[in-house]
Structures are given as C-alpha cells and as structure tokens.
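Count the sequence shown with full-length UniProt numbering and you get residues 1 to 96, in order.
No residue lacks a Cβ here, since even glycine has one placed at the ideal position from N, Cα and C.
For reference, the structure discussed in these notes is given below.
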Amino acid sequence: MRKSDLINNISDKTGIPKVDVLVTLETMLKEIKENLSKGENIYIRGFGSFITKKRAAKIGRNIKKNIAVEIPEHFIPAFKPSKEFVNEVKQMRKEE
Numbered sequence: 001m002r003k004s005d006l007i008n009n010i011s012d013k014t015g016i017p018k019v020d021v022l023v024t025l026e027t028m029l030k031e032i033k034e035n036l037s038k039g040e041n042i043y044i045r046g047f048g049s050f051i052t053k054k055r056a057a058k059i060g061r062n063i064k065k066n067i068a069v070e071i072p073e074h075f076i077p078a079f080k081p082s083k084e085f086v087n088e089v090k091q092m093r094k095e096e
C-alpha cells in the first residue's frame, strides 16, 4: 500500500475530502519527524511508539579501498508496535 492508497481509503471510509486527508497525514508525518529529530519520543496508545535508538560508535570497513572507517555514534528512528497492535495483526493473519 502506498500513501496515495492510504489517503484514498481514509477518504472513502470517513467521507473527508482527499485534500484534507492529505494535509492531515502530511502534517502528522512532519510532526513525527520534527519531534524525533529533537529527541522526543511519540507514544500512541493502542498503536505503538516512534522512538530514537542510539547506535554506538564503531569501526567499519570501506571494502573498495580496504581501509578502516570510524563510524561515529548516531541515532536512528524506530517504531515499536504496542502489544495490542501485535496481537491484532497475529489474529488477522491466523484468520486468512
């Protein structure tokens, strides 16, 4: 499913115009990105958590030049689904 499919589905199910759904979805995604970049986690009860994970500094290897490269400590975004969400998906998959 792509973003356009998601927008169409939401619009069809709610009766909200596609343009309004698009603006809402884009604003939500922008807020998630901005808050994660500030180091703030986002918790949505019954859905999951958008968090940042710390990756320690390490030594990597550039295989083309065969040299060691230092990779500094950094943060990456991650999503952790709630238990309810995980159980719901498991249940749906069993019914198929």
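Euclidean distance between Cα positions of residue i and residue j
{"i": "TYR43", "j": "ARG61", "result": "36 angstroms"}
{"i": "LEU25", "j": "LEU6", "result": "10 angstroms"}
{"i": "ASN87", "j": "ASP12", "result": "26 angstroms"}
{"i": "MET28", "j": "LYS65", "result": "42 angstroms"}
{"i": "LYS90", "j": "LYS80", "result": "15 angstroms"}
Member of the options whose CA lies at the smallest distance from the CA of residue i
{"i": "GLU70", "options": "PRO81, LYS64, ALA57", "result": "ALA57"}
{"i": "SER37", "options": "MET92, ALA78, LYS94", "result": "ALA78"}
{"i": "GLU73", "options": "PHE85, LYS33, ILE59, ILE63", "result": "ILE59"}
Check whether residue i and residue j have beta carbons under 8 angstroms apart
{"i": "SER82", "j": "PHE47", "result": "yes"}
{"i": "LYS53", "j": "ILE76", "result": "yes"}
{"i": "VAL21", "j": "ILE10", "result": "yes"}
Terminal residues of the beta strand (DSSP E) in which residue i lies
{"i": "PHE75", "result": "74-81"}
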